[in-house]
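Enquirer: Below: one structure in structure tokens.
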Amino acid sequence: MFKRLVESDETNLSIDIFEKNRQLGAGMPYSKFGANDEHITNVSGNEIPELVTPVSEWIKTLPQATLDRFNINPDKFNDFKVMPRLLFGQYLSAQFALLKQQAENKGILIEIYLNKEVADIIDYPENDKVAIKLTDGSEFLYDNIIICTGHKWPKKYEGKIPQYFDSPYPPSKLQFKVNHPVAIKGSSLTAIDAIRTLARHNGKFSINDSGKLTYTTEQESDGFKLIMHSRSGMLPAIRFHLEDSHLLKD
Numbered sequence: 011m012f013k014r015l016v017e018s019d020e021t022n023l024s025i026d027i028f029e030k031n032r033q034l035g036a037g038m039p040y041s042k043f044g045a046n047d048e049h050i051t052n053v054s055g056n057e058i059p060e061l062v063t064p065v066s067e068w069i070k071t072l073p074q075a076t077l078d079r080f081n082i083n084p085d086k087f088n089d090f091k092v093m094p095r096l097l098f099g100q101y102l103s104a105q106f107a108l109l110k111q112q113a114e115n116k117g118i119l120i121e122i123y124l125n126k127e128v129a130d131i132i133d134y135p136e137n138d139k140v141a142i143k144l145t146d147g148s149e150f151l152y153d154n155i156i157i158c159t160g161h162k163w164p165k166k167y168e169g170k171i172p173q174y175f176d177s178p179y180p181p182s183k184l185q186f187k188v189n190h191p192v193a194i195k196g197s198s199l200t201a202i203d204a205i206r207t208l209a210r211h212n213g214k215f216s217i218n219d220s221g222k223l224t225y226t227t228e229q230e231s232d233g234f235k236l237i238m239h240s241r242s243g244m245l246p247a248i249r250f251h252l253e254d255s256h257l258l259k260d
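Spelled out as structure tokens, the structure:
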């Protein structure tokens, strides 16, 4: 939405942006509120809408420490690869900063309010205005308001039933040792997120002498196992990119 406003022919604009957290652009899925280092995107760079810089070009500008953290080789990276979600969040934040610069170059006034949560929206039809009210009680008056609600995971049983979680977000709440079987309701991408976090904190993956990937639980998590419960029994489709085709067209 911000990109469309910046690229419009309208320059007589003043835009205020309110973000309840401190990172702009990443939202819940691509920040610490929705991902850890082990979580990856479900889309590749070639599938996201065009922003300012392609992902494959942006990757080449990253410091070595960031590349090492996410095990990224910029020489082998391309827009057909999925990437760590936290890294993608950094990309979105960087693109937002570039769009902000474009807006300012066009004379569009931009004001960004971080760590500010909107609590309510108030309509003033007699003045043809609308206001937003923050959790701290302050109000801001505008001609138009665009609502980008993002994600909210309601809690029904979490906090009431011990060791029950309505969602795996933020993933930090699943970073604990388990010495018993764990049930996961569902088998889609959200379930995979839970599996990645729990598996990472209760064991490790390694390549055995036969060249196969294996998983070994830690000593204090010897009874750990994951059991997925699904009505459909379908796992998410596997997404991968082949540099060279391994299938014949016929």
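In the numbering used here, the protein residues as written are 11 to 260.
Virtual Cβ for every residue (Gly too), placed ideally from N, Cα, C.
#1: From which residue to which residue does the beta strand (DSSP E) around LEU151 run?
#2: Specify, as a first and last residue, the run of the alpha helix (DSSP H) that ILE205 falls within.
#3: What beta strand (DSSP E) runs, 3 residues minimum, are completely inside the stretch 133 to 184?
#4: Going by alpha carbons, who is nearest to GLU149 out of ILE132, GLY160, ILE157 and THR159?
#5: Between the Cα of TYR174 and those of TRP163, VAL192 and LYS162, spot the shortest distance and give me the residue it belongs to.
#6: When burial is assigned at 16 or more other CB atoms within 10 Å of the CB, is TYR134 buried or exposed?
#7: What residues are listed by DSSP as bridge partners for ALA36?
#8: With distances taken from CA atoms, which of PHE80, ASN125, THR71 and GLY55 is nearest LYS91?
#9: Straight-line CA distance for ILE194 to CYS158?
#10: Let me confirm a value: ILE171 is counted as buried when at least 16 other C-beta atoms fall within 10 Å, else exposed. Which label applies?
#11: From the DSSP output, in three-state form, read off SER54 for me.
#12: Evaluate the contact criterion for the stretch 37 to 47 versus the stretch 105 to 112: three or more CB pairs, one atom per stretch, below 8 Å.
#13: Leaving out five residues before and five after PRO246 in sequence, what residues of the same chain have Cβ atoms less than 7 Å from its Cβ?
#14: Taking 9 Å as the threshold (C-beta atoms), are THR207 and PHE215 in contact?
#15: If you draw a straight line from the alpha carbon of TYR179 to that of GLY37, how long is it in whole angstroms?
#16: Cα separation between ILE25 and ALA107?
#17: Should ASN212 and SER231 be called a contact, given that it needs their Cβ atoms to be closer than 9 Å?
#18: Quick one: is LEU96 buried, meaning 16 or more other Cβ sit within 10 Å of its Cβ, or exposed?
#19: Would you call the CB atoms of ASN154 and ARG32 closer than 9 Å?
#20: Please classify THR226: is it buried, with 16 or more other beta-carbons within 10 angstroms of its beta-carbon, or exposed?
#21: Report all residues from its chain with a CB closer than 6 Å to the CB of GLY233; omit the five preceding and five following residues, and keep chain order.
#22: Which residues share a DSSP beta bridge with ASP130?
#23: Looking at the secondary structure, which residues open and close the alpha helix (DSSP H) in which PHE12 lies?
Expert: This is what the structure holds:
#1: 149 to 152
#2: 199 to 210
#3: 139 to 144 and 149 to 152
#4: ILE132
#5: VAL192
#6: exposed
#7: DSSP output for ALA36 lists no bridge partner at all.
#8: GLY55
#9: 30 Å
#10: exposed
#11: coil
#12: no
#13: SER198, LEU199 and ILE202
#14: no
#15: 13 Å
#16: 14 Å
#17: yes
#18: buried
#19: no
#20: exposed
#21: ASN189 and HIS190
#22: LYS143
#23: 12 to 17
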